[in-house]
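K.L.:
First the structure, which I've put down as structure tokens, then a few questions once you've had a look.
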Amino acid sequence: MTVPLRIGVASCFFHADPARPIFKGKTLLYLEESLAHWLMAGGVAPQLLPTPSGAVGADDLLAGVDGLVLQGGTDVAPASYGEAPLKPEWAGDRVRDRYETELVRAAMTLDRPVLGVCRGLQMLNVIFGGSLLQDIATQCPGFLTHREFERYDRLQHDIAIEPDSWLAQRHLGNHRCRVNSVHHQAIKTLGRGLQVEARSVPDGLVEAVRYEPEGTQRPGPWVYAVQWHPEFQDPDDRSLLPTAPLREMFLEATAKRRHRRSAGGRSVA
Ligand code: MN
6 MTVPLRIGVA SCFFHADPAR PIFKGKTLLY LEESLAHWLM AGGVAPQLLP
56 TPSGAVGADD LLAGVDGLVL QGGTDVAPAS YGEAPLKPEW AGDRVRDRYE
106 TELVRAAMTL DRPVLGVCRG LQMLNVIFGG SLLQDIATQC PGFLTHREFE
156 RYDRLQHDIA IEPDSWLAQR HLGNHRCRVN SVHHQAIKTL GRGLQVEARS
206 VPDGLVEAVR YEPEGTQRPG PWVYAVQWHP EFQDPDDRSL LPTAPLREMF
256 LEATAKRRHR RSAGGRSVA
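Residue numbers for the sequence shown follow this note's numbering, so the first one is 6 and each next one is one higher.
If you want it as structure tokens, here you go:
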């Protein structure tokens, strides 16, 4: 029997809230169900990674899994990329930013592939030194609507996939390039080593990236991120870009590295 790949999922946070009747004043770490189920559709066992504590550090948490997924959720804090929030409600979650940064660094050191979804793409861009638009509607008037509360994950737009991208190789051109859109932040300046895989049409915001620094030896760390939510999509909806190829790409990279570790009989770290 083959052991399923173990995929660590970085937690979302409900910070301590004195008004919450359940677990009053306690920090809750959570996993959104459809993301877990989307991963499980690829035959893997997702597990939630808590915040490092005591003797158990981020590298110990990552050593226990084969790959890492960053979920969507709250805003990345402008402070994490050297800006002040334009509005108080856009101050983001600095605690979660630091936690995810630690996990991503440990994953890259231990050669665990990283897949970012929505906020995950934005966080990775910031980790690699890029910056974000704090609010697309305010800072880029005339652009598409990328988030709308009423339509939520039913809001969609077209994307253009870059010809030399991993996404283009996976899809072989036989698809509708349409995705959902549930984000009000977006990449402003691209992080070092990131390459654009897809952009929204016609406004040209970055909707997918891969990590591939110029002049480094392949295979380096495997890092990929999308701005849309594959896990919110109905897999039978033929009007949208299929999401299985993205999952396969991540899981193949993850399986390959686990195989390499076990073949070597030692940790790659
Ligand atoms: Mn979008």
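We put the CB at the ideal spot given by N, CA and C, even for glycine. Note that the structure is a prediction, hence the values are computed from the model and not measured.
Flag this pair as touching only if the segment 21 to 33 and the segment 67 to 80 have three or more C-beta atom pairs under 8 Å; answer yes or no.
P.N.:
Contact between the segment 21 to 33 and the segment 67 to 80 is absent, because fewer than three Cβ pairs lie under 8 Å.
K.L.:
Would Leu126 pass as a contact of Val70 if the rule is Cβ separation under 9 Å?
P.N.:
Their beta carbons are not under 9 Å apart, which means Leu126 does not touch Val70 by this criterion.
K.L.:
First and last residue of the alpha helix (DSSP H) that includes Thr291?
P.N.:
Outside the shown range of the chain, which is 6 to 274, sits residue 291, and nothing can be said about it.
K.L.:
Could you check whether the segment 195 to 202 touches the segment 142 to 160, counting it as contact only if at least three pairs of C-beta atoms, one from each stretch, sit closer than 8 Å?
P.N.:
No, the segment 195 to 202 is not in contact with the segment 142 to 160.
K.L.:
Does the beta carbon of Ser58 fall short of 8 Å from some heavy atom of the ligand MN?
P.N.:
Result no, Cβ not under 8 Å from the ligand MN.
K.L.:
List the residues that DSSP assigns as beta-bridge partners of Tyr35.
P.N.:
BP columns for Tyr35 point to Cys17.
K.L.:
Is DSSP giving Ser244 helix, strand or coil here?
P.N.:
Reduced to three states, the DSSP call for Ser244 is coil.
K.L.:
Which same chain residues, not among the five before or five after Ser272, have their C-beta less than 8 Å away from its C-beta?
P.N.:
At Ser272 the pLDDT is 48, less than 50, meaning the model places this residue with poor confidence and gives no usable figure here.
K.L.:
Below 8 Å, is the gap between the Cβ of Gln232 and the nearest heavy atom of the ligand MN?
P.N.:
Answer for Gln232: yes, Cβ within range of the ligand MN.
K.L.:
Return yes when the C-beta of Leu210 is under 8 Å from any heavy atom of the ligand MN, and no when it is not.
P.N.:
For the ligand MN, at least one heavy atom lies less than 8 Å from the Cβ of Leu210.
K.L.:
Ala191: beta carbon under 8 Å from a heavy atom of the ligand MN?
P.N.:
For the ligand MN, at least one heavy atom lies less than 8 Å from the Cβ of Ala191.
K.L.:
Check for me: the alpha helix (DSSP H) holding Gly4 runs from which residue to which?
P.N.:
With the chain running from 6 to 274 in the structure shown, residue 4 is simply not present.
K.L.:
Measuring CA to CA, which of Glu257, Asn185, Gln139 is closest to Pro93?
P.N.:
Pro93 has its Cα closest to that of Gln139, out of Glu257, Asn185, Gln139.
K.L.:
Do you know offhand how far Pro9's Cα is from Arg252's?
P.N.:
Cα to Cα, the separation comes out at about 14 Å.
K.L.:
Which same chain residues, not among the five before or five after Ala260, have their C-beta less than 7 Å away from its C-beta?
P.N.:
So the qualifying residues of the chain are Leu10.
K.L.:
Look up Ala274 in the DSSP assignment and say whether it is helix, strand or coil.
P.N.:
Bear in mind that a pLDDT of 43 at Ala274, under 50, signals an unreliable position, so the model cannot answer this.
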